[in-house]
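Numbering (the numbering used here), first residue to last: 14 to 349.
What follows is one structure encoded as structure tokens, with my remarks underneath.
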């Protein structure tokens, strides 16, 4: 009798443990809805309301779906695992910056994808950036809008692969996309507009780092500078390629500057107009190669500020109708 009772108790305990484990199992796909509750399990029948609850419920490498047009946070959303956060088509899934960045990523080795989101600041609440990534290996921003941030739209620091596609980053107080000390970024089919500073800032401040950006088939308009490539530290290399893009209405459309470290800018098949400087180069270590561009209606077209840069121009450029087409030494570039 005692043996049967003991066996029954053991089976009951095992069943309870199994149920508990199943209840705590993380989801591949978690759901958020305007009528959800954070006491729910974040399933489709019982969605959660806010992103922190969904992040707790979803497994690493999983997805969080926003089902309704709504705001889905009350404070900075700290993403500590690899995840895709998306709003379903036709829905405005917003994340609001209050007292810091809207989304913060500071965990090594994570990959984060943000798709079809709207990131904006809450007026007067101390929001700073749309996305801030100071650790992690991958960030993708797809089909999203990041608007009116007091500081950067996106800040990525350190060695990470960054991909921005089909997105709008506008009216940033300082910089649209800030890449510093290691990111390798591609920006495709996107608009970066009306930044108080640079639309895209490629910066090297730490030795033995390489920071790169490729901007393709994009529109940059109304920024103080559209793409600014800069290094101040020996051994901190920076590199940018801008191709098949439209750049207008700025003080400096494209700028590359260095105090001696390698700083490269390649520009091809772009339309550059309505700026004070079309392409500006300054400092030892700077190399510019431009080909197939239409550089028109600027104050200066090509501007080599000093003896430091190697500024090469292929014969396929059209540099016309600027107040001054070229300034400084512009070296004709051969085909090889």
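Beta carbons are placed, not taken as given, at the ideal position from N, Cα and C, and that holds for glycine.
Exposed or buried, residue i, counting other C-beta atoms within 10 Å across all chains shown (16 or more means buried)?
{"i": "residue 191", "result": "buried"}
{"i": "residue 73", "result": "exposed"}
{"i": "residue 56", "result": "exposed"}
{"i": "residue 336", "result": "exposed"}
{"i": "residue 350", "result": "Coverage of the chain is limited to positions 14 through 349, which leaves residue 350 absent and any answer about it impossible."}
{"i": "residue 239", "result": "buried"}
{"i": "residue 48", "result": "exposed"}
Shortest alpha-carbon distance to residue i belongs to which of the options?
{"i": "residue 196", "options": "88, 47, 151, 334", "result": "151"}
{"i": "residue 78", "options": "59, 42, 262, 304", "result": "42"}
{"i": "residue 188", "options": "177, 173, 66, 205", "result": "205"}
{"i": "residue 212", "options": "311, 234, 163, 280", "result": "234"}
{"i": "residue 272", "options": "242, 256, 283, 288", "result": "242"}
{"i": "residue 180", "options": "299, 210, 129", "result": "129"}
{"i": "residue 178", "options": "304, 303, 97, 198", "result": "198"}
{"i": "residue 71", "options": "94, 162, 62", "result": "94"}
{"i": "residue 276", "options": "268, 283, 343", "result": "268"}
{"i": "residue 67", "options": "334, 88, 146, 40", "result": "40"}
Hey, how far is the Cα of residue i from the Cα of residue j?
{"i": "residue 64", "j": "residue 115", "result": "11 Å"}
{"i": "residue 141", "j": "residue 231", "result": "25 Å"}
{"i": "residue 350", "j": "residue 84", "result": "For the chain, the structure presents residues 14 to 349; residue 350 sits outside this window and is missing."}
{"i": "residue 54", "j": "residue 76", "result": "14 Å"}
{"i": "residue 97", "j": "residue 127", "result": "6 Å"}
{"i": "residue 259", "j": "residue 51", "result": "45 Å"}
{"i": "residue 279", "j": "residue 123", "result": "31 Å"}
{"i": "residue 373", "j": "residue 202", "result": "No answer is possible for residue 373: the residues shown for the chain start at 14 and end at 349."}
{"i": "residue 132", "j": "residue 157", "result": "8 Å"}
{"i": "residue 315", "j": "residue 293", "result": "6 Å"}
{"i": "residue 302", "j": "residue 347", "result": "11 Å"}
{"i": "residue 104", "j": "residue 46", "result": "11 Å"}
{"i": "residue 223", "j": "residue 99", "result": "31 Å"}
{"i": "residue 325", "j": "residue 110", "result": "43 Å"}
Going by DSSP, what residue range makes up the alpha helix (DSSP H) through residue i?
{"i": "residue 69", "result": "64 to 70"}
Which residue comes first and which comes last in the beta strand (DSSP E) that contains residue i?
{"i": "residue 277", "result": "276 to 281"}
{"i": "residue 214", "result": "211 to 217"}
{"i": "residue 295", "result": "284 to 295"}
{"i": "residue 234", "result": "232 to 234"}
{"i": "residue 325", "result": "323 to 326"}
{"i": "residue 161", "result": "No beta strand (DSSP E) contains residue 161, which DSSP labels as neither H nor E."}
{"i": "residue 201", "result": "197 to 201"}
{"i": "residue 193", "result": "190 to 193"}
{"i": "residue 44", "result": "40 to 45"}
{"i": "residue 246", "result": "Neither: residue 246 is in no beta strand (DSSP E) and is coded neither H nor E."}
{"i": "residue 226", "result": "222 to 229"}
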